[in-house]
Amino acid sequence: MQEHGSISHANQGMAKGVDMRGSNDLVQWQKASVRSVVVHDLTLTPQSQVLTVRFPWGAFIWHRPTAVQVEQNGRVEMLPIVDLTRLIQLGLVGLGVVVITVISFVQLARRKEKVS
Amino acid sequence: METISNLLTLSQKREEQLSRAVEKIYSAAQPGAVYSEPVTAGNYTVITASEIAAGGGFGSGLGFGSAPTPPEQQGETSGREAQPTNGGGGGVGGGGGSSGRPVAIIIIGPDGVTVKPVVDVTKIALAGVTVWGTMLMLLRRMRKASKR
């Protein structure tokens with residue numbers, strides 16, 4: 259049991275639990291867990307996803323947080339990290355696509371009516 | 020010949036330097052890169068979670084050749100043995116960039132753990148303006164097309 263307000267690292271050093279998906283030389287899609295942090299009586303294990311694209315002449319990396327695993331008295335809870343900004347952006351783009359599609363279909367139907 | 024080998028070794032050295040620089044991009048892939056160190060204030064501890072994107076690349080080129088002897092000089096050198104004029108050149112270049120933005124804040128307090136999302140209003144506004152503008156432009160074009 260930790261003292262209130264104190265922080266300690268349960269797993270010092272390297273990341274743990276790296277899960278590789280779609281792994282090959284060019285593209286790597288990995289899931290990684292950062293070292294656990296103990297705050298009060300809670301053990302937090304932040305998790306993330308990494309997309310690595312390697313070229314012979316360069317590289318591209320996209321790293322985003324996905325969830326936090328909270329462990330308290332043996333009970334494990336997963337708190338997802340939602341990227342609200344990206345969701346709203348995608349929602350706006352999706353809405354725009356839907357509106358344009360609907361309008362173009364309506365106009366196409368009107369034209370067909372006029373022709374007939 | 021010596022010049023060519025000098026150029027080749029110089030180019031290889033530069034390429035190695037750039038490749039080492041590109042390797043630094045991979046530090047963005049380290050698991051600890053997206054989560055900050057915990058900060059405690061009173062009964063609360065805060066950890067920020069950020070999204071990181073990084074990219075870079077480099078390229079190099081070398082070229083060698085012998086200059087053709089101009090016809091007017093051909094007569095002058097006809098008596099002696101013609102000396103071929105060889106030359107070469109090379110270049111190395113590279114570039115890269117990275118960006119990061121906070122996605123959420125993890126708050127650990129007496130009530131437990133809460134994850135609060137960080138909303139980037141500027142990005143949303145920019146996306147909204149872009150979508151709205153594109154929609155208006157497409158609608159105008161569609162109206163013009165239907166009038167024809």
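Chains A and B are the protein sequences, given in the same order.
My numbering puts the first sequence at residues 259 to 374.
My numbering puts the second sequence at residues 20 to 167.
Don't be surprised by glycine CBs; every beta carbon is placed ideally from N, CA and C.
Here the structure is a predicted model, which means the values were calculated and not measured.
Kindly indicate if chain A contains any beta-carbon less than 8 angstroms away from that of residue i.
i, result
"B/Gly-112", "no"
"B/Gly-147", "yes"
"B/Lys-163", "no"
"B/Ser-130", "Ser is not the amino acid found at residue 130 of chain B; the sequence shown has Asp there. Cβ-Cβ to chain A under 8 angstroms: no for B/Asp-130."
"B/Met-154", "yes"
"B/Ile-125", "yes"
"B/Val-150", "yes"
"B/Lys-142", "yes"
"B/Leu-157", "yes"
Let me check understanding here. Comparing Cα to Cα, which of the options lies closest to residue i?
i, options, result
"A/Phe-363", "B/Gly-110, B/Ile-126, B/Val-111, B/Ser-165", "B/Ser-165"
"A/Ala-317", "B/Gly-106, B/Gly-116, B/Ser-79", "B/Gly-116"
"B/Met-156", "A/Ile-358, A/Arg-369, A/Arg-312", "A/Ile-358"
"B/Ala-13", "B/Val-65, B/Ala-72, B/Ala-68", "The requested residue 13 of chain B does not occur in the structure, where chain B is confined to residues 20 to 167."
"B/Tyr-45", "A/Thr-310, A/Asp-299, A/Val-292, A/Val-296", "A/Thr-310"
"B/Lys-163", "A/Ser-291, A/Val-297, A/Gln-365", "A/Gln-365"
"B/Lys-32", "B/Gly-78, B/Gln-49, B/Ala-68, B/Glu-70", "B/Gly-78"
"A/Ser-291", "A/Gln-307, A/Thr-301, A/Val-297", "A/Gln-307"
"A/Glu-329", "A/Val-356, A/Asp-299, A/Pro-323", "A/Asp-299"
"B/Pro-136", "A/Val-285, A/Phe-313, A/Ala-325", "A/Ala-325"
"A/Leu-284", "A/Val-297, A/Phe-313, A/Arg-293", "A/Phe-313"
Counting only beta-carbon separations shorter than 8 angstroms, does residue i have a partner in chain B?
i, result
"A/Thr-303", "no"
"A/Gly-332", "no"
"A/Ala-367", "no"
"A/Thr-310", "yes"
"A/Phe-318", "yes"
"A/Gln-347", "yes"
"A/Val-419", "Because chain A in this structure spans residues 259 to 374, residue 419 of chain A falls outside the shown range and cannot be described."
"A/Leu-284", "no"
"A/Thr-343", "yes"
"A/Arg-279", "Legend: pLDDT at A/Arg-279 = 48, less than 50; position of this residue unreliable, value from coordinates given subsequently. No, its Cβ sits nowhere closer than 8 angstroms to a Cβ of chain B."
"A/Ser-362", "yes"
"A/Trp-287", "no"
"A/Ser-306", "yes"
"A/Val-297", "yes"
"A/Val-373", "no"
If I'm right that residue i touches residue j with Cβ under 8 angstroms, what's the distance once you round it to whole angstroms?
i, j, result
"B/Gly-76", "A/Trp-315", "5 angstroms"
"B/Tyr-63", "A/Pro-304", "Incorrect: roughly 17 angstroms between the Cβ atoms, too far for contact."
"B/Leu-81", "B/Gly-112", "Not confirmed; about 13 angstroms, so no contact."
"A/Ile-346", "B/Ala-123", "Actually they do not touch by this definition, with Cβ atoms about 14 angstroms apart."
"B/Ala-68", "B/Ile-125", "6 angstroms"
Any idea if residue i is buried or exposed, counting beta-carbon neighbours within 10 angstroms, 16 or more meaning buried?
i, result
"A/Gln-288", "buried"
"B/Pro-129", "exposed"
"A/Asp-341", "buried"
"A/Gly-354", "buried"
"A/Arg-279", "Note that A/Arg-279 scores 48 on pLDDT, short of 50, meaning its location in the model is unreliable and no value can be drawn from it."
"A/Ala-348", "Contrary to the premise, residue 348 of chain A reads as Leu rather than Ala in this sequence. When all chains shown are included, A/Leu-348 counts as exposed."
"B/Leu-37", "buried"
"B/Glu-70", "buried"
"B/Gly-106", "exposed"
"B/Ala-170", "This structure cannot settle anything about residue 170 of chain B, because the visible part of chain B is limited to 20 through 167."
"A/Leu-302", "buried"
"B/Val-138", "exposed"
Quiz item: For the segment 42-58 of chain B, which residues have a beta carbon sitting closer than 7 angstroms to at least one beta carbon of chain A?
Solution: Ile-44, Tyr-45, Ala-47, Ala-48, Pro-50, Gly-51, Ala-52, Val-53, Tyr-54, Pro-57
Exercise. Could you run through the segment 63-81 of chain B and flag, in chain order, every residue whose CB is less than 8 angstroms away from some CB of chain A?
Key: Thr-64, Ile-66, Ala-68, Ser-69, Glu-70, Ile-71, Ala-72, Ala-73, Gly-74, Gly-75, Gly-76, Phe-77, Gly-78
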